[in-house]
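Below: the structure, in structure tokens.
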Amino acid sequence: MIKEIAAQQLDTERFIAEKVEEIRGVVGDGMAINALSGGVDSSVVTMLGHRALGDRLKTVFVQNGLMRAGEAEEVTGFFRDLGVPVQVADARDEFFAALKGLTDPEAKREAITQTFYREVFGRMVRESGAKHLLQGTILTDVDETVAGIKRQHNVFEQLGIDPQEAFGYKILEPLIQLRKDGVRKLGETLGLPAGLFERIPFPGPALAARVLGEVTPERVEKIRLATQVVEAKLGGYGAFQYLAILHEDRVTGMRDGRRDFGLQIEVRCWDSLDARTATPTRVPFEVLEQMAQEIVDGVPGVVSVTYNIACKPPSTIEAV
Ligand code: XMP
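See below:
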């Protein structure tokens, strides 16, 4: 049983001091690595890890081909300004090869997990001599995995998987007692710029969590373009998270007076405190209309844009 620390009870200075001690105790005088995706959790764990280990922590941004437009440059830039060097590892071909032909949501999640942990981190750990991987798993990830709702890409121990046996290294999870609101509070104390700790959550499987059906470079590019429109349009409403989803089913549309059996994009925008439950944000209708127009104009092949108005539960935040 993991003991939850609610955001209101979190004494960030004390928590940081304790975790820094813990990380130093476990890693000793060795090396550790961590992957930075640019999401809130991995950004916070990167800062915490650097506080504990300095340049004995090697931070890597894995370019898996599933990231948002400009993400690698933006995230490495943020951290460069904070004095934290980030190495970019290009693993696009490996991820797309692993995802080829898969359509089942859990099979896709599993392929991403294996590619991250076995292939990419496995190689990095061997090359760097690190014995520990530091990662930003939070309590919500564990809850949903244990409940069998979604296999979060970063949960192992609670599923009876020993990372040391499965992948050859140990995993440290200093944020595991927290939820998203607690992680944000911690990020602020650690001196992350608001632009990072206030970022909307972004899932580990990245845009693959938003592509129904096969995840190909072409289909990811469509959702990358739609995501740019959605993030530009929905940023001002205090929402917890907003995203675009590419559906597998096609619908009949028309373009230039001709039938176009085209693609459908679903937009979701959520009000939530900690992602456990969520309700759709009441975005003004004119904004939704403008957004739909920009998506059909900007994303080739799209003829339909819908806005989700169901709550979580029974919906979930991401679609895969
Ligand atoms: P769901 O879709 O389960 O999402 O309602 C809850 C929150 O978790 C994020 N999410 C993930 N984060 N690895 C992550 O690190 C994952 O595999 C994953 N799946 C979902 C999601 O974006 C939302 O904030």
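Letter 185 of the sequence shown, counting from 1, is numbered 1133 in our numbering, and no numbers are missing. Built from N, CA and C at the ideal position, the CB exists for glycine as well.
Going along the chain, which residues of its own chain have a beta-carbon closer than 7 angstroms to the beta-carbon of residue i, five neighbours each way excluded?
{"i": "valine 1036", "result": "Phe1009, Gln1011, Ala1020 and Thr1024"}
{"i": "lysine 951", "result": "Gln1125"}
{"i": "threonine 1085", "result": "Asn1102, Val1103, Glu1121, Leu1123 and Ile1124"}
{"i": "glutamate 1054", "result": "Arg1099"}
{"i": "glutamine 1176", "result": "Ala1017"}
So, under 8 angstroms CB-CB, residue i and residue j are touching, yes? Tell me the CB distance rounded to an integer number of Å.
{"i": "phenylalanine 1069", "j": "leucine 1082", "result": "About 11 angstroms separates the two Cβ atoms, so there is no contact after all."}
{"i": "threonine 1093", "j": "valine 1103", "result": "4 angstroms"}
{"i": "valine 993", "j": "leucine 1123", "result": "6 angstroms"}
{"i": "lysine 1170", "j": "valine 1247", "result": "5 angstroms"}
{"i": "isoleucine 964", "j": "leucine 1140", "result": "Incorrect: roughly 12 angstroms between the Cβ atoms, too far for contact."}
Name, in chain order, the residues that DSSP records as bridge partners for residue i.
{"i": "arginine 1228", "result": "It is worth fixing the name first, because residue 1228 is proline in this sequence and not arginine. Partner(s): Trp1218."}
{"i": "phenylalanine 1009", "result": "Val1036"}
{"i": "arginine 1207", "result": "Met1202"}
{"i": "lysine 1260", "result": "Ala1226"}
{"i": "valine 1253", "result": "Ile1213"}
{"i": "glutamine 1189", "result": "Trp1218"}
{"i": "isoleucine 1119", "result": "Leu1081"}
{"i": "leucine 1194", "result": "Val1159 and Ile1213"}
{"i": "asparagine 982", "result": "Thr1007 and Leu1082"}
By Cβ distance below 6 angstroms, which residues in the same chain neighbour residue i in space, the five residues on each side in sequence not counted?
{"i": "methionine 979", "result": "Arg1004, Ser1076, Gly1077 and Ala1078"}
{"i": "phenylalanine 1115", "result": "Tyr1065, Arg1066 and Gly1070"}
{"i": "phenylalanine 1043", "result": "Asn1012, Gly1013 and Thr1063"}
{"i": "valine 1251", "result": "Gly1201, Asp1208 and Gly1210"}
{"i": "leucine 1144", "result": "Ser991 and Phe1026"}
{"i": "valine 1215", "result": "Val1178, Ala1192 and Tyr1255"}
Less than 8 angstroms between the C-beta atoms of residue i and residue j, yes or no?
{"i": "isoleucine 971", "j": "valine 1073", "result": "no"}
{"i": "glycine 1249", "j": "glycine 1186", "result": "no"}
{"i": "threonine 1007", "j": "valine 1032", "result": "yes"}
{"i": "leucine 1001", "j": "valine 975", "result": "yes"}
{"i": "aspartate 1129", "j": "leucine 1221", "result": "yes"}
{"i": "arginine 1167", "j": "alanine 1017", "result": "no"}
{"i": "phenylalanine 1150", "j": "serine 1263", "result": "no"}
{"i": "isoleucine 1060", "j": "proline 1165", "result": "no"}
{"i": "alanine 1157", "j": "isoleucine 1213", "result": "no"}
{"i": "threonine 1051", "j": "glycine 1161", "result": "yes"}
{"i": "leucine 1194", "j": "valine 1159", "result": "yes"}
{"i": "valine 1090", "j": "glutamine 1112", "result": "no"}
Once you ignore the five residues that flank residue i on each side, which residues in its own chain have a CB closer than 8 angstroms to its CB?
{"i": "tryptophan 1218", "result": "Ala1187, Phe1188, Gln1189, Tyr1190, Ala1226, Thr1227, Pro1228, Thr1229, Lys1260 and Ile1265"}
{"i": "aspartate 1110", "result": "Phe1104"}
{"i": "arginine 1147", "result": "Gly986, Gly987, Val988 and Ser991"}
{"i": "lysine 1133", "result": "Ala955, Leu958 and Thr960"}
{"i": "arginine 1198", "result": "Phe1209, Gly1210, Leu1211 and Gln1212"}
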